[in-house]
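The sequence shown runs 1 to 287 under UniProt numbering.
These notes concern the structure reproduced below.
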Amino acid sequence: MNIQTTQTLMRIDSHHHFCNRKLGYYNWLTEDMGAITSDFSLEGLRSRQKKLSIDKTVLIQAAPDISETKYMLSIAASIDFIVGVVGWVDMQDAEAPYHLARLSKNPYFKGIRPMIQDIQDDDWMLNPALDAAFLSLIQLGLCFDALVKPRHLNQLLKLVNRYPDLNIVIDHAAKPDVVGREFVQWVKDIKALAEKPNVYCKLSGLVTEAGFNPNYEGLVPYMRQLMNVFSASRLMWGSDWPVLNLATDYAQWVDVTEAFLSNTSQIEQMQIWSQTATEFYSLQHLD
């Protein structure tokens, strides 16, 4: 690839959802979340993305239901801009290895994401009942999206130490409390995880943690910290659409990211915009 300017870089959105409420999967999507309660179409998303030079995407689960995963895989097979799907499997089910093996036969299936942030037991991910599922992920070459919050980072570090061969990406930088400016402990915990070579992070979701009418300058210390500890080679950009509509819009988040990356090298920009996601998820369907 001959890179001339930022505009010629391939761009991959490594994290977006498709919440069709008619399917009945999304109990968390309540009326008080007015900005995202409408059924957003993938056609509308694609129209926005084309204007912003977003080439490909990874579709992420948003419901703890394997039926949603199968639905997303059917979408990926029929829409050319979706190049990967991260789904859901009940990891405590004795049949989890079987389900993972079957799903892995679909080339779009890249891994799973349990909704850890919504599970009351903060130690859930360390439950021995999950061992068979984690080992299956490793054996099948699948990835693990960690939907965690800062309170989970110590447990996540234990999990990483238990499974050093498991490729893990931290969604939304673990959702630090940008509004409350709880920065110091988050920095310490995220740095410890970044020391592990199998741990990656998504440059996504931060704007939502900054609240309504976010101060974008307040995001810079978090973004800079992620860049410092993970480097561009383990950092990937994601929109978190349509959830980001709670705080901003797709174009604004792209603008914020472009401004932050304006002083980085073209190689670093290439890594964050596409290469890291391509390598992490083993995306095989890029043009």
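Cβ coordinates follow ideal geometry from the N, Cα and C atoms, glycine included.
Check	Outcome
For D165, the residue or residues it bridges with in DSSP	Paired residues: none, contrary to the question.
Three-state class that DSSP yields for T37 in the structure shown	With a pLDDT of only 49 at T37, under 50, the local geometry of the prediction cannot be trusted, and the value read off the model is given with reservation. T37: coil per DSSP, three-state reduction.
Identity of the residue in K191, N263, V184, P214 nearest D249 by Cα	P214
Touching by the beta-carbon criterion (3+ pairs, under 8 Å), the stretch 216-236 and the stretch 256-271	yes
With 16 other Cβ atoms within 10 Å as the buried cut-off, status of D171	buried
Residue closest to D165, alpha-carbon to alpha-carbon, out of Y98, V207, L142, K175	L142
Exposure label - I267; buried when at least 16 CB within 10 Å	exposed
For Q61, the nearest candidate out of L283, V243, S265, V184 (CA to CA)	V243
Exposure of Q120, with buried meaning 16 or more beta-carbon neighbours within 10 Å	exposed
Separation of D189 from V178, as counted between CA atoms	15 Å
S47 and W237 closer than 8 Å at C-beta	no
Extent of the continuous beta strand (DSSP E) run through K110	109-112
First and last residue of the uninterrupted beta strand (DSSP E) at W237	235-237
Beta-carbon proximity list for Y134, same chain, < 7 Å, skipping 5 on both sides	As written in the sequence, residue 134 is Phe, which differs from the Tyr given in the question. Taken in chain order, the residues that qualify are Y163, L166.
Beta-bridge pairing of K56 - partner residues as DSSP gives them	I12
Residue 314 vs H16 beta-carbon contact at 8 Å	Since the displayed the chain opens at 1 and closes at 287, residue 314 lies outside it and no answer follows.
Straight-line Cα distance separating V83 from K110	10 Å
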